[in-house]
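Below is one structure, written out as structure tokens; the observations come after it.
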Amino acid sequence: TLSHYLQDTAPFYPCCMWQDEQSSGCQNYRFERRPSQDCVGYQSPGGSTVFGDPHVYTFDHLDYTFNGLGEYVLVRADSPRVKLDVQGRFEQVNESPHGPVLASMLTAIAAKDNFSSTVEVRMRPPYAQWRYKLDVIVDGRYIYFDRHPQKIQHFPGVTLYTPSNILNQSHVVMMFKSGAGVEVIENKHYMASRVFLPWTFINQTRGLFGNWTFNVDDDFTLPSGDEKSFSADTSQLSRIHKEFAEEWVL
55 TLSHYLQDTA
65 PFYPCCMWQD
75 EQSSGCQNYR
85 FERRPSQDCV
95 GYQSPGGSTV
105 FGDPHVYTFD
115 HLDYTFNGLG
125 EYVLVRADSP
135 RVKLDVQGRF
145 EQVNESPHGP
155 VLASMLTAIA
165 AKDNFSSTVE
175 VRMRPPYAQW
185 RYKLDVIVDG
195 RYIYFDRHPQ
205 KIQHFPGVTL
215 YTPSNILNQS
225 HVVMMFKSGA
235 GVEVIENKHY
245 MASRVFLPWT
255 FINQTRGLFG
265 NWTFNVDDDF
275 TLPSGDEKSF
285 SADTSQLSRI
295 HKEFAEEWVL
């Protein structure tokens, strides 16, 4: 207790408490002399998501609605530093008791990181969801998370797991070696997905989830590198669909 006071608590006051947090004395104390295990210096990952019919939120927090049909690039990073490909499949929403629904929804996600295994998560049709909500396929092989030892499974370059309280395979998380993470959730026959990236991916991403630069102005970047600009109102949905999203179809 006395050594903690002399070596940690007492120096903290003159080095950090009575100086600015960004001062050289405080930085030296925190990261060189007495490094701690708290969250100082932690950089939260960037996140993007697609859900519903479907709504998209980019890494720069730009939101738009996109009702495409087919397979599209959600995130693509291809540089000497980082490589990642996340693709999504969108299909027609099932008919409601009131008739056809003029909207699409996410039904499958596929992801691959550099030299990792290819992971695909598909939503099962309603008649096949009595036991599992999602199918998980790694390099063409179906895997399951029934028993407790199978809740976390390791494959080349990627780790897959489901929360221990999930028994119907409706929540799957992929963690890649580069630090990228992909989360897939099924709820009432709708699929949602979130992608989390470390800061090494800044200004490296393209696709429907945009270019992560902390600037929404370049989120609608085409595969050619050209940038599109659209207003946020719903009257631009048709232009976003035709001039941006369709450029990322596979």
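In my numbering, the protein residues as written are 55 to 304.
By construction, the Cβ of each residue, glycine as well, lies at the ideal position given by its N, Cα and C atoms.
The distance from the Cβ of V147 to that of V136 is about 34 Å, inconsistent with a contact at the 8 Å cut-off. Take E149, set aside five residues on each side of it, and the residues of its chain with a beta-carbon closer than 8 Å to its own are V155, in chain order. The beta carbon of Y111 sits closer than 7 Å to those of S102, T103, D117, all from its chain and outside the five residues before and after it, given in chain order. Every beta strand (DSSP E) of 3 residues or more that sits fully in the region 240-275 is shown, in chain order, as 244-251. Cβ-Cβ separation between V173 and M229: approximately 10 Å, too far for a contact (criterion under 8 Å). Per the C-alpha coordinates, the member of D139, G124, T119 positioned closest to A131 is D139. The shortest C-alpha to C-alpha distance from R195 to any of H115, R176, S292, Y126 is the one to R176. The beta carbons of N121 and A157 sit closer together than 9 Å.
Assignment of beta strand (DSSP E) within the region 63-117, counting only whole runs of 3 or more residues, yields 100-105, 109-111 in chain order.
Excluding sequence positions up to five before and after A246, its CB lies within less than 6 Å of the CB of F105, I239, all in the same chain and listed in chain order. A straight-line Cα-Cα distance of about 25 Å links R293 and A162.
Look at the region 180-205 and you find these whole runs of beta strand (DSSP E), each 3 residues long or longer: 188-192, 195-197.
DSSP places Q141 in the strand class (E or B) of the three-state scheme.
In terms of Cα proximity to I191, the closest of R185, R248, C70, R178 is R178. P210 sits close to S171, with the two beta carbons spaced by under 9 Å. Straight-line measurement puts the Cα of R185 at about 16 Å from the Cα of K205.
In the DSSP annotation of this structure, K296 is not part of any beta strand (DSSP E), being labelled neither H nor E.
For V175, the uninterrupted beta strand (DSSP E) run begins and ends at 173-177, by DSSP. Apart from sequence neighbours up to five positions away, the residues of its chain that approach V226 with a beta-carbon distance below 7 Å are V175, L188, V190, L214, T216, V238, ordered along the chain. The closest CA to that of P277, considering only W302, T267, G142, is found on W302.
C-alpha of V127 to C-alpha of Q76: approximately 40 Å in a straight line. Per DSSP, G124 is one residue of the beta strand (DSSP E) stretching across 124-132. In the three-state reduction of the DSSP assignment, S57 falls in the helix class, which pools H, G and I.
Taken through DSSP and simplified to helix, strand or coil, L291 comes out as helix. The continuous stretches of beta strand (DSSP E) do not include F169, and DSSP gives it neither H nor E.
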